[in-house]
Amino acid sequence: MIDLLLALTLPLVALGVLLARELFRAVVMFIAFGLLMALVWVRLQAPDLALAEAAIGAGLTGVLLLDALGHLRQPHPPGQPLRSLLPLLTILALVLAGALGLVLLGALLEPLQPSVNLPAEVALHIEASGVAHPVTAVLLAFRAWDTLLEVAVILVAVVVGLALRFSHDDAAAESRVSSPLLQGMLSWLLPLMLLVALYLLWIGSYRSGGAFQAAAVMAAMLVLLRLSGQQLPGQNHPLLLRAGLVGGLGTFLLLGSVQLLQGGAFLAWPEQLAGAFILLVETALTFSLALLLYALFEASPAPARKGHPPRTGDQPS
Amino acid sequence: MMLIDLLRALLLLSGALFFLVGTLGILRFPDTPSRIHALTKVDNLGLGLIVLGLLPGVEHWPVAIKMILIWLLAIAASALAGHLVVRVCREFRPSNAGEQQDD
Amino acid sequence: MNTFLPYTLAGGALVILGLTGFILHRHLIRRLLAFNLTGSGCFLVMTGLAQQGQGVDAVPQALVLTGIVVAVSATALALVLIRRWYHLTGLTGLPEDIEPELQQGDNPAEGKTQGAPH
Amino acid sequence: MTQVLWISTLLLLLALLLGLWRIWAGPGRADRMLAAQLFGTTGVGLLLLLAELMQQPALRDVALVLALLAIMATVAFVARTQPADHHSEQDHDAD
Amino acid sequence: MLSWLTEGPSLLPWLVILPLLWSILSLTAGQRLQPLIATTAVGLILLATLLVLLQWLQRGDHFYSLGDWAVPLGIRLRLDGLALLLLLLTSGITSVCTLHAGRYLQEYPRAKTYFWPLLAFCWAAMNVIWLSADLFNLYVGLELLGFSAVGLVALTGEKKALAASLRYLYAALLGSLAWLLGVALIYGHQGQLDISSLALTFTDSISGQAALALMTLGLLLKMAAFPLHSWLPPAHASALPPVSALLSGLVAKAAFYILVRLWLEMAPDNLTFSAAQLLGALGAAAVFWGGWMACRQQQLKMLVAYSTVAQLGYLLLLFPLTTGTGEEATRLAWEGGWLQLTSHALAKAAMFLAAGNLVLAMGRPDLPGLHGAGRYLPFSLLGFGLAGVSLMGLPPSGGFMAKWLLLQSALLSGQWWWILVLLSGSALSAVYIFKVYQQCYVESDNPDRFRQPALVLDLSALALALLALALGILSAWPQWLISTALPGGAA
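Protein chains in written order, with the UniProt record's numbering: chain A, 1 to 317; chain Y, 1 to 103; chain L, 1 to 118; chain B, 1 to 95; chain E, 1 to 491.
Here it is, written out as structure tokens:
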């Protein structure tokens, strides 16, 4: 009953996101969609994903979108192009959607005959992985290679953001909230967020939680700090900040190479110390990912003030 | 035992009903300030009742503390949200009245 | 296991809706929203389908966690580019009407900015 | 007891759907934002109920995270989405 | 030494670790240390590639289990002749691009800071993809590659580059989603992700077909196959020349490489005659359309970029020519296809570098700007011309050898229609390359507007062009390397 209701609501909300006439409405609907997804992950017995979705989907992505929306407010030339092609595109899209729908329906309803029982494999080897929580074991032991590369993916996004950042003078012009009530609340909310992040990090080795969820909460803390107009400690030390950004990837590479340098495999953890190594990697990842996620928000170019057109980058000298 | 169960059921159901009524409240009230009122008062009461109803069922006290903390957080959040949004309404009433279309 | 089936199907529906939106919308942020919806649909299919077959499975859950982080990176990256683009041109969509194929020679926008004399 | 939990969950889900309608209907931006806020609180309640119902203590952590981050969207809305040419007025506001 | 090569640990992970380390160092180190870091990193990666080659010669194809976890639980890297070919190609071309960029970027101080880490990430991503044997790992690799490539395109922050990179990003994202959905279907139905293991169990089911179709669509979008190609020319044309060279030469090939692995290795029985013909037809359409559009361009780099669309089309002929065509024709097509990829990678990288040099020298990006280049910039033009020889498929270039093999295969299998495609495609490329030449030999009355590019810029273009040319004469070794990876193990 709950499942049916939720599963029906999801496409409806998606439709709402896509059909909303005002962009702001679409974005708020999307934030609600993120929250619904968190509930869906709960029903799919995936609390780790629910945690991630609650922190990233309903939290960070929403802030990113709202923040971007604020910068896109000036009226732009009406009558977006492509009117001539629109009917053609509509037909194309509908045909594609129809075909995809049929194919998917067929594929999703086909009886499943997995040739391998991977959950059983996970259960069999979890003892050797060094952690007790299966999702963490997959992320940091069995498929640590994916996780390593994924950290690199975030880093790339941040680097591109840094590369396209406008000059610092423009950044001062952005708006922020200054309300005594907010300041008062943040003074206990922010430490609490830090505490919860550390709790999630710690608990990840035997229950749902882990580096990503912890990092998302920590990043949310930094974003709130920024939105309320406060300076980040260490904000004016670019080198320190850079070191923080690459620290997670660096630690992961370094610890992953410990066995490699002794003739073992890359990303193999030392037998007795697997749990400690994973915790170490996760801790480094938490802090570094938090900075990275925060930088995704922070690195986006600030709006230019009136009369100061943004620099358009390099011109060959 | 029966009495406690009955009490819990009562608390849970009334909490859920409060949520429903609160949401209906924002649906029905005519202007934003009164809708904010409905939001901050009713849904926190609803969540409070639900937390109260669930508390006797938990085995460990840290869990109970966590649940009360969640409730407090929710109260603080919606109070703050109401406060901030009211401020925005006061400042931008003219621009807030109508919807702009972004595309 | 049947409790997972509705979500798998909902995932399929999300993919289709998102894809249609991605093709039909011109506003870059709307297309980004559509991309995120499609992504969520894919994640649902991945988890739902796998768990229909074998019960709760940590592997697709871990994969989806990776996917969520990649998706948020993609969103942030796109927003950076969109903002920069908006500040340079005041446009929220791509200049689709000047597709190079439809033009004699090359992108006229290029001609304008580069001022290439013929 | 389980039935009561189920019924409460369903009622909350119903409230959630109503909230969704509220976000869709608006009419103003502030209303949408508030409705989203309420949506979050409802989600927290739902998660607490589901934690009991599904015997999954981890869901309380989800509820905790959701409650912690509930304020973010509203703050971002107030700080950033409001008309960009108004920041000066926003800064010296006292309550 | 020899025993270490045969028995020592495989060096495969270093091919990804080293570029990642490079990017970390270049992000934290100051501006003055960058050349030193870049030189050291490139040197070490080249060394690692070379050692991997030696190891492969000693021990043949092998797998490397990351973290010592066996499949299906873990992820493994796979090294065979094909992966080795692409590793070597990547190391060679990227090193030359690095050399070129080191000089070229002196004019772009702002872009320079973030160019090196992005380049290193791009290199890491390519090596991940060449070595990966896991469907989901390929997804992460594709995203890493796509993001860093988009970042490289956007680096100058100019209008044109931003529009191009946005379009590129959206195409890449859509392609990845299609791939991801395919992976989801396969995982749900098969319960594993390792390509080689899946090859044993892949069944002819609706879900299997749907997954293959979705993944193919995503990859076709990512490799800019014919109707889905419109993102490529602006992206490749508006980037900085070393970036264009990297993108056209290597990055665009990643999706094709995965496509081949997917169809010919994971699900060879699912590739029906008509599906293969369809892929070939898309390739043929790209050859014609890309060639035709290249002929119509007025901007030098756009012309070269459309030529990439056309040349990528040839690669798709691999599918019809290896499907049900008999052993000899399959072998010829296999070697021809990969040789085409190799020679195009070298020639197109050379051509973009040379085109960048020409534009730099002339100070304007359009074709009439080339007037007088024949007299005043012979050296820059030589690189362009030699690369053009290979693209046209004239002997003795690698392009000739590749097309010759494909031609033979088409003849042998009786699929004569591909011969028409090959011949007319070459004719079209001759037209657009001669169009450039024609402009270069129009006399210019004003020699002062030329600025001689630095020697290292011209030399790097020339080196790659010469390699492309020499590939035709020295094709025996690469051909042998390719043939060892022939699906079905006919070699």
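Note that CB positions come from ideal geometry on N, CA and C, so glycine has one too.
The stretch 265-274 of chain A makes no contact with the stretch 179-193 of chain A, as fewer than three CB pairs between them are under 8 Å. Checking the DSSP bridge columns, you'll see L79(E) partnered with H62(E). For N127(E), the uninterrupted alpha helix (DSSP H) run begins and ends at P109 to L131, by DSSP. Among the residues facing chain B, H71(A) is included, as its CB has a counterpart in that chain under 9 Å away. Only L86, L89, T90, L92, A93, L94, L96, A97, G98, L100, G101, L104 and L105 from the stretch 86-105 of chain A bring a Cβ to less than 9 Å from some Cβ of chain L. Between R226(A) and V88(Y), the alpha-carbon positions lie close to 19 Å from each other. The continuous alpha helix (DSSP H) containing N36(L) extends over residues L28 to Q54. Taking 9 Å as the cut-off between beta carbons, none of the residues of the stretch 114-129 of chain E comes near chain L.
Any Cβ of chain B closer than 9 Å to the Cβ of S78(Y) would place that residue at the interface, and such an atom is present. Taking a beta-carbon distance threshold of 9 Å, Q54(L) counts as an interface residue toward chain E. Residue environment: L318(E) is assigned as buried (16 or more neighbouring CB atoms within 10 Å of its CB, all protein chains considered). Against chain A, the CB of F35(L) has no partner CB under 9 Å away; the residue lies outside that interface.
In the three-state reduction of the DSSP assignment, Q3(B) falls in the helix class. Contact between the stretch 437-447 of chain E and the stretch 335-353 of chain E is absent: fewer than 3 CB-CB pairs across the two stretches fall below 8 Å.
With a cut-off of 8 Å on Cβ pairs, the stretch 1-14 of chain B is in contact with the stretch 45-61 of chain B, counting three or more such pairs.
Within the same chain, no Cβ atom closer than 7 Å to the Cβ of R296(E) is found once the five residues on either side in sequence are excluded.
For H125(A), the enclosing alpha helix (DSSP H) stretches over residues L118 to S129. Using a CB distance cut-off of 9 Å, H189(E) counts as an interface residue toward chain L. Among the CB atoms of chain A, none fall inside 9 Å of the CB of G45(B).
For A178(E), the enclosing alpha helix (DSSP H) starts and ends at K159 to Q190. Nearest neighbour of L66(B) by Cα position, chosen from L69(A), L88(A), R43(A) and L39(A), turns out to be L39(A). Proximity of chain B to D67(A) at the Cβ level (cut-off 9 Å) is accounted for by A76, A79, R80 and T81, in chain order.
Note that the C-beta distance between A38(Y) and G22(Y) is below 9 Å. Excluding the 5 residues flanking it on each side, L69(A) has same chain C-beta neighbours closer than 7 Å at L23, F24 and V27, in chain order. Among the bridge pairs identified by DSSP, Q299(E) is matched with D366(E). Taking all protein chains in view, the Cβ of L88(A) is surrounded by fewer than 16 other Cβ atoms within 10 Å, so the residue is classified as exposed. Looking at the DSSP output, D134(E) bridges to D194(E). Taking 9 Å as the threshold, the shortest C-beta distance from L68(B) to chain Y falls below it.
Between G248(A) and S205(A), the C-beta spacing is not below 9 Å.
Contact check between the stretch 127-136 of chain A and the stretch 277-293 of chain A: three or more CB pairs, one atom from each, fall below 8 Å, which counts as touching.
Residue burial is scored here from C-beta neighbours: L86(E) has at least 16 other C-beta atoms within 10 angstroms and is therefore classed as buried. Here I45(E) is buried. Its C-beta has 16 or more other C-beta atoms within 10 Å.
A residue is called buried when at least 16 other Cβ atoms come within 10 angstroms of its Cβ; D204(E) does not meet this threshold and is exposed. Residues of chain A whose Cβ lies closer than 9 Å to the Cβ of L84(Y) are, in chain order, V177, S179, L181 and L182. Distance from the Cα of L200(E) is smallest, within the candidate group P268(E), A171(E), L332(E) and H229(E), for P268(E). Using a Cβ-Cβ cut-off of 9 Å, L190(A) does not count as an interface residue toward chain Y, since no Cβ of chain Y sits closer than that to its own.
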